[in-house]
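Here is the structure we will look at, set down as structure tokens.
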Amino acid sequence: MERIKDRLDRGETVMTIGVGRILHHNILQVLGLSGAFQSVWFDAEHVGFTIESLEINALAARSEGLDNFVRIAPTDYATVTRALEAGGGGIMAAQVFTAAQAEEIVQWCKFHPRGNRGLNTGGYDAGFGSLKPAEFTEKANRETFVAIQIETAQSVEEVDEIAAIEGVDLLFIGP
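Take the sequence shown: its letter number 54 is residue 375 in our numbering, and every next letter is one higher.
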């Protein structure tokens with residue numbers, strides 16, 4: 322499966338479909354088989370997905386070659402790490418007002434030396450313990466996709482500072 326970050330690094334457009342209330346693993350598999358999309362956007366800001374639902378649907382998407390990311394509501398460390406450990410290929414943080422908030426989100430998504438994400442090798446993202454910790458953290462730091470949603474007047478004022486943060490892969494403009 323080709324990662325969102327790799328496609329963006331090459332300057333490619335990544336065809337993405339957003340899913341929210343109509344979410345079922347079979348729908349994701351059909352979307353993957355259609356060949357029309359390269360990624361799925363799980364909208365956990367407006368729909369209350371369980372971790373189990375994210376795990377099942379991220380696995381279904383990946384089974385058909387679709388990378389994914391989870392849009393999270395204004396949040397905390399645990400929400401970010403749980404989405405990543407459930408198989409989210411990255412996150413899009415909504416309602417980010419400042420560069421300081423964006424930096425904190427990157428810190429939560431990345432392991433040392435870039436961030437302060439806690440190590441749990443028992444989840445999907447670590448191959449359920451099959452990856453050595455050093456291999457896992459390097460791979461996760463390289464592959465984890467971080468998007469910041471610019472949707473407030475304050476974030477527009479700080480957009481240049483937010484865009485300059487190492488580890489921010491994409492700015493999503495709009496509500």
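Here a beta-carbon is modelled for each residue, glycine too, at the ideal position from N, C-alpha and C. None of the values given here were measured: they were computed from a predicted structure.
Where the alpha helix (DSSP H) through residue i begins and ends
i: Gly353; result: His346 to Ser355
i: Asp330; result: Ile325 to Asp330
i: Ala381; result: Ile372 to Ser384
DSSP three-state assignment for residue i, whether helix, strand or coil
i: Ile483; result: helix
i: Val477; result: helix
i: Thr458; result: helix
Continuous beta strand (DSSP E) stretch holding residue i: start and end
i: Ile343; result: Careful: Ile343 lies outside any beta strand (DSSP E) and carries neither H nor E.
i: Ala468; result: Phe466 to Ile471
i: Leu387; result: Looking at the DSSP string, Leu387 is not in any beta strand (DSSP E), and its letter there is neither H nor E.
i: Phe358; result: Premise fails: Phe358 is in no beta strand (DSSP E) and is neither H nor E.
Other residues of its chain near residue i: CB distance less than 7 Å, five sequence neighbours each side excluded
i: Arg324; result: Asp388, Gly410 and Glu464
i: Leu491; result: Leu329 and Ala468
i: Thr419; result: Gln475 and Glu479
i: Asn462; result: Lys431, Phe432 and Arg435
i: Ala357; result: Met336
i: Gly353; result: Ala382, Glu385, Gly386 and Leu387
Beta-carbon contacts of residue i that lie in its chain and below 8 Å, excluding the five residues immediately before and after
i: Leu380; result: His346, Gly408 and Tyr445
i: Ala415; result: Glu366, Arg392, Ile393, Ala394, Pro395, Gln470 and Glu472
i: Gly488; result: Val427, Cys430, Lys431, Arg435, Gly436 and Val467
Proximal residues to residue i (C-beta, below 6 Å), its chain only, five neighbours per side dropped
i: Ile483; result: Ala420, Ala423 and Ile469
i: Val368; result: Gly341 and Arg342
Which runs of the beta strand (DSSP E) spanning at least 3 residues fall entirely within the region 396-453, listed in chain order? 411-414
Is there contact here, the region 329-339 with the region 367-374, by at least three beta-carbon pairs under 8 Å? No contact exists between the region 329-339 and the region 367-374.
Three or more C-beta pairs under 8 Å: does that hold for the region 472-481 against the region 450-463? no
On the three-pair Cβ rule with 8 Å, is the region 422-440 touching the region 357-364? Segments in contact, no.
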